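Under the working numbering, think of the first position of the sequence shown as 11, with each following residue one higher. No residue lacks a Cβ here, since even glycine has one placed at the ideal position from N, Cα and C. As the structure is a computational prediction, the values presented were derived from the model and not from experiment.
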Amino acid sequence: MKRFSAPCSLIPLLFFFLLATAVAESPRRVIIDTDPGVDDAMAILLALNSPELKVEALTVVPGNVDGQQGLENALKLVSLAGRCDITVAGGAHHPLNQKLITAQFWHGKNGLANIELPPSKCKVDGRFGPDLIIEMVHAAPHEITLVPVGPLTNIALAVEKDPSIVPLVKEVILMGGSISGGNVNASAEANIYNDPDAAQIVFQAGWPLTMVGLDVGDKTLFSQKYLEQLGKNHGPMNDFIYQVAHYLIDLSAKFGSSGTPMYDPLAVGVAIDASLVKAPPMHVDVETRGEFTRGETVANRHNAVERNVLHGDRYIIEGLDRVEPNANVCVEVEADRFLQLFVSRIRGK
Ligand SMILES: [Ca+2]
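Written out as structure tokens, the structure is:
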């Protein structure tokens, strides 16, 4: 009997190992909320070519372009990838409390670097994007990761309408914000600036959240070297991304940069492989009123604030109060490893 007892005791362990392996290998289910947008297009095609991810839906938010153009672009992108199985839905038409700001200046007249993709063979889903998010999260509790790469209007609307989704979402990995200055102005990054009220709702919701910001995206410059690698292959997706990257590299050169920052694709990259970045926990608030700082993501690096107590005519510091981190804020990235990953996935290798 003794001879067999050891192997028998290993069976539960073996079962656990096999289960753990299966879980580890099952793809992460994601909904990408997007305002396509050139870097959105790169992000979406990276996701669709990565076996680590199962893209459940694209929900479209106005931002780089208006909602209608964004929806048309999203449908053309899934069609280009031959993936009409992916649900594509429209969403909000404008930010919560301010006018829409569109960015054809950077993204081209059609939002896709003025490249004319073939008409989409895919059909739009009639549901309202935030409702679709609510529905999908309830249908797969604790399994859906939200990857917002545009202004956070749709995600905020979903949370406002049904706060019960918050503990049911696996994780939020968003492109937006910065802890070292903005691109719209001195302080604000565009996705957050375009709807700071929505962003504050999303940051304070209470779910696991990773912020892939402007400052870390600026470290991932897609330069001529990577473009040449991409040019070694041909196919509908490869050729389209080559043209997009070419357009963006030329545009960046006009502003003195040697490459184009891969903002939205990096958020997808973090969803694929979180080890690409270092992201310490911080408490982040979004400034919704500041004279010069509306739309800034204000990050508390040491997660504490002074406790000032009124004594007579003055406040006296009596200690420190802890503030709970609400975001993992990306501060470092293995840029070359990420860019190689991007190129190899778009090349289909
Ligand atoms: Ca975007």
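Discussion item. Distance check for S197 and F302, CA to CA, integer angstroms please.
Written reply: 7 Å
Item to complete: Could you work out which residue in V280, G186, I41 and P290 is closest to T155 when comparing CA atoms only?
Response: I41
Practice prompt. Output yes or no for whether 8 Å exceeds the beta carbon distance between A289 and C340.
Written response: yes
Worksheet entry | beta strand (DSSP E) segment containing P271, residue limits | G269 to P271 is the extent of the beta strand (DSSP E) around P271.
Discussion item. Does the structure place the segment 113 to 127 close enough to the segment 139 to 150 that three or more beta carbon pairs sit under 8 Å?
Written reply: Too few Cβ pairs lie closer than 8 Å, so no.
Discussion item. For ligand 1, is there any heavy atom lying closer than 7 Å to the beta carbon of T220?
Written reply: No.
Discussion item. Going by DSSP, what residue range makes up the beta strand (DSSP E) through K64?
Written reply: L63 to V70
Discussion item. Give me the residue from V179, V71 and C132 with the minimum Cα distance to G139.
Written reply: Looking at the Cα atoms, V71 is the closest of the given residues.
Discussion item. I want to check one thing, is the minimum distance from the CB of D49 to the heavy atoms of ligand 1 below 7 Å?
Written reply: Checking every heavy atom of ligand 1 against the Cβ of D49, one is found closer than 7 Å.
Worksheet item: So does the segment 347 to 357 actually touch the segment 311 to 325, counting three or more Cβ pairs closer than 8 Å?
Response: no
Worksheet entry | is_contact[N124, chain B] using C-beta, thresh 8 Å | Protein chains in the displayed structure number just one, and chain B is not present.
Item to complete: Return the CA-CA distance between V33 and K64, expressed in angstroms with no decimal places.
Response: Confidence in V33 is poor, its pLDDT being 48 and thus under 50, which makes the residue's placement unreliable; the coordinate value appears in the next sentence. Looking at the backbone, the Cα of V33 and that of K64 are separated by about 14 Å.
Discussion item. Would G227 and M272 qualify as a contact pair, given that the criterion is a beta-carbon distance under 8 Å?
Written reply: yes
Discussion item. Using only the alpha-carbon positions, how far apart do R299 and I211 sit?
Written reply: 14 Å
Discussion item. Quick check: what's the CA-CA separation for V98 versus V315?
Written reply: 43 Å
Item to complete: Let me know the secondary structure DSSP gives N164 once reduced to three states.
Response: helix
Worksheet item: Between the C-alpha atoms of L184 and V157, what's the straight-line distance to the nearest angstrom?
Response: 5 Å
Worksheet item: Is there at least one non-hydrogen atom of ligand 2 closer than 7 Å to the beta-carbon of N74?
Response: Although ligand 2 was asked about, the structure shown includes only ligand 1 as ligands.
Worksheet entry | Residues of its chain near R311, where Cβ-Cβ distance is below 7 Å and the 5 sequence neighbours each way are ignored | M292
Practice prompt. Find the nearest neighbour of A113 within the set G187, P46 and A53, judged by alpha-carbon distance.
Written response: P46
Worksheet entry | Cβ contact check for the segment 123 to 136 and the segment 87 to 105: 3 or more pairs under 8 Å | yes
Worksheet item: Shortest alpha-carbon distance to L240 belongs to which of K359, L127 and G216?
Response: In this structure, K359 is the residue among K359, L127 and G216 with its C-alpha nearest to the C-alpha of L240.
Fill in: Near ligand 1: G279 beta-carbon under 7 Å from a heavy atom
no
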